[in-house]
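Q: Just dropping this structure here.
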Amino acid sequence: MAADGMGTAVPDWRRDVFDVLKAARVRHVVYVPDAGHATAIRLAEADEEIEAVVLTTEEEGIGYLAGAWLGGERGALLMQSSGVGNCINTLALQACTRFPLLMVVTMRGDWAEFNQWQNPMGQATEAALRLMGVRTWRADEPKDVAPLLRGAATMAFEGDEACAVLLGQRLIGEKEWSK
Numbered sequence: 006m007a008a009d010g011m012g013t014a015v016p017d018w019r020r021d022v023f024d025v026l027k028a029a030r031v032r033h034v035v036y037v038p039d040a041g042h043a044t045a046i047r048l049a050e051a052d053e054e055i056e057a058v059v060l061t062t063e064e065e066g067i068g069y070l071a072g073a074w075l076g077g078e079r080g081a082l083l084m085q086s087s088g089v090g091n092c093i094n095t096l097a098l099q100a101c102t103r104f105p106l107l108m109v110v111t112m113r114g115d116w117a118e119f120n121q122w123q124n125p126m127g128q129a130t131e132a133a134l135r136l137m138g139v140r141t142w143r144a145d146e147p148k149d150v151a152p153l154l155r156g157a158a159t160m161a162f163e164g165d166e167a168c169a170v171l172l173g174q175r176l177i178g179e180k181e182w183s184k
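Our numbering applies: residue 6 is where the sequence shown begins, and numbers increase by one.
In structure tokens:
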């Protein structure tokens, strides 16, 4: 738990992402570097039981996780909403083979976005995932991250589903542009 400005305990959602993945027996965390996922990435890289793999592009992660599942291990893909656009065609692999696919997506182009290039995919992310058969849940409050991610992990790993938890930009915080 972290404290807010008034000393009230609030969930440390950044740590919760890693803790839920670890509790779900995830052994592979694949990602494209992202500030919103920095804590989970750093903790995965430091954990000797987890293979943390940096990707060139997000769609590589879907193939990697299919291979991990075929090898008997669980994995999760961490990415930004802009990366969802890169994955659309590759999501057909999960739709056809029904392997567990767990994604944690930090949102851009969502709220207080300064970078106009993030807006189109940020606005289309959830609909695009749903059109490809991915079950989605959105967390905008720190207290929602752990339960939503636990539920998504259960549905993915126990039900061979494609699931994504979207971490809203209000949760992550307003990005600042340095001029």
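Ideal placement from N, C-alpha and C gives every residue a C-beta, glycine not left out.
Owing to the predicted nature of the structure, the values given are computational and were not obtained by experimental measurement.
1. Taking the beta strand (DSSP E) that Glu56 falls in, what are its first and last residues?
2. Go ahead and pull the three-state DSSP assignment for Met126.
3. Give the single residue among Arg140, Thr111, Pro147 whose Cα lies nearest to the Cα of Gly164.
4. Hey, quick one: how far does the alpha helix (DSSP H) through Gly68 stretch, first residue to last?
5. Would you call the region 121 to 139 and the region 39 to 54 in contact, with 3 or more CB pairs under 8 Å?
6. Leaving aside the five residues before and after Gly88 along the sequence, list all residues of the same chain whose C-beta is less than 7 Å from its C-beta, in chain order.
7. I need the boundaries of the alpha helix (DSSP H) containing Ala151, first residue and last residue.
8. Look at the Cβ atom of Ser86, then the Cβ atom of Val110, and state whether they are nearer than 8 Å.
9. Can you confirm whether the region 93 to 113 touches the region 149 to 166 when touching is taken to mean that 3 or more C-beta pairs between the two stretches lie within less than 8 Å?
A: Inspection of the coordinates gives the following:
1. By 1-based counting over the sequence shown, the position of residue 56 is 51. Run containing Glu56: 56 to 59, per the beta strand (DSSP E) assignment.
2. Counting from 1 along the sequence shown, the entry for residue 126 is found at position 121. Met126 falls in the helix class under three-state DSSP.
3. The count along the sequence shown starts at 1 and reaches residue 164 at position 159. When each option's Cα is compared against that of Gly164, the closest is Arg140.
4. Indexing the sequence shown from 1 puts residue 68 at position 63. Segment 64 to 75, the alpha helix (DSSP H) holding Gly68.
5. no
6. Here the question's residue 88 lines up with position 83 in the sequence shown. These residues qualify, in order along the chain: Val37, Glu63.
7. Locating residue 151 in the sequence shown gives position 146, counting from the first residue. Unbroken alpha helix (DSSP H) run through Ala151: 147 to 164.
8. The residue labelled residue 86 in the question sits at position 81 within the sequence shown. The residue labelled residue 110 in the question sits at position 105 within the sequence shown. Yes. Within cutoff.
9. yes
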